[in-house]
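To start, the structure itself, in structure tokens.
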Amino acid sequence: MLRVTAPATSATDARRAVLQRRIRWIVAFTIGYNAIEAVIALAAGTAASSAALIGFGLDSVIEVLSAAAVAWQFTRKDPERWEKPTLRVIAVSFFLLAAYVTVSAVLSLAGVTEPEHSTVGLVLTSLSVIVMPLVSLLERRAGRELGSATAVADSKQTLICAYLSVAVLAGLALNSLFGWAWADSVAALFIAAFAIREGLEAWKGDTCATSVGMLLDGDGDAHEHEHEHEH
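Right under this line is the structure:
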């Protein structure tokens with residue numbers, strides 16, 4: 562019995578180590594990419610007096626915060642024990658994103674601000690539309706297999722950034738072609754509602770992944786089942 566179960570446990574631990582390392586690399590890329598994206602978007606938005614691009618840049622800053630929280634968690638000796646506080650940080654980043662997007666959309670719809678044409682902005686958002694969904698998919702798959710609620714939540718944050726990229730890209734394009742300054746604001750309001758929902762789920766810990774830590778090291782029922790198994 563021991564000779565059969567020991568290799569299986571070893572394989573599981575090895576796979577977990579691979580997934581944790583993969584998530585660290587994905588998060589590191591996300592932080593680096595979004596940091597560069599934030600600088601370019603804020604500079605281009607300021608130059609073009611584009612509220613949409615400035616908002617896009619600030620969203621990238623929030624994405625860096627979320628990814629950094631996950632990166633910090635996976636540098637801990639026991640990442641699963643830090644699920645709850647990390648999820649709270651991610652939830653707050655969702656709420657901040659929703660708040661800013663909502664305010665920006667309302668101001669734009671009210672005519673207070675209007676996105677202006679920006680070639681740099683069109684290129685940057687087009688690139689993000691391609692890159693961000695792929696990054697989100699890779700992190701979500703690794704997070705679900707590992708059972709990391711924070712990695713799954715962070716992948717959702719990345720996906721929302723991709724949606725926002727589509728909205729900003731559409732807004733800039735439609736504004737440049739037809740003068741429809743309201744287009745990205747309407748799309749942004751839907752994204753804000755989605756962000757609020759995901760933020761609430763992350764705050765409650767209600768995500769698409771079940772924490773491995775809860776299954777292996779958690780309290781309550783987990784310990785009770787282990788205790789029953791021992792007896």
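Per this note's numbering, residue 562 is the first one in the sequence shown, and the count goes up by one each step.
Glycine is no exception: its CB is placed at the ideal position from the N, C-alpha and C atoms.
Remember, it's a predicted structure, so these values are computed and weren't measured experimentally.
Does DSSP put residue i in a helix, in a strand, or in coil?
i: T636; result: coil
i: G740; result: coil
i: G760; result: helix
i: S611; result: coil
i: V653; result: helix
i: V667; result: helix
i: S679; result: coil
i: G672; result: coil
By a C-beta neighbour count over all protein chains shown, 10 Å radius and 16 as the cutoff for buried, is residue i buried or exposed?
i: F739; result: exposed
i: R758; result: exposed
i: T711; result: buried
i: V622; result: buried
i: I584; result: buried
i: V579; result: exposed
i: E624; result: buried
i: G593; result: exposed
i: D620; result: buried
i: S610; result: exposed
i: A660; result: exposed
Round the Cβ separation of residue i and residue j to the nearest angstrom and send it over; I've been treating them as touching at under 8 Å.
i: E598; j: S689; result: 7 Å
i: L685; j: A613; result: 12 Å between Cβ atoms; not a contact.
i: A605; j: V681; result: 4 Å
i: S746; j: L683; result: Contact doesn't hold; Cβ gap of about 18 Å is too wide.
When you measure from the CB of residue i to every non-hydrogen atom of the ligand ZN, does any distance come out below 6 Å?
i: E624; result: Absence of the ligand ZN from the depicted structure is noted, as is the absence of any ligand whatsoever, leaving it without description.
| said: At 4 residues or longer, what runs of the alpha helix (DSSP H) sit wholly inside the segment 686–722? | reply: none
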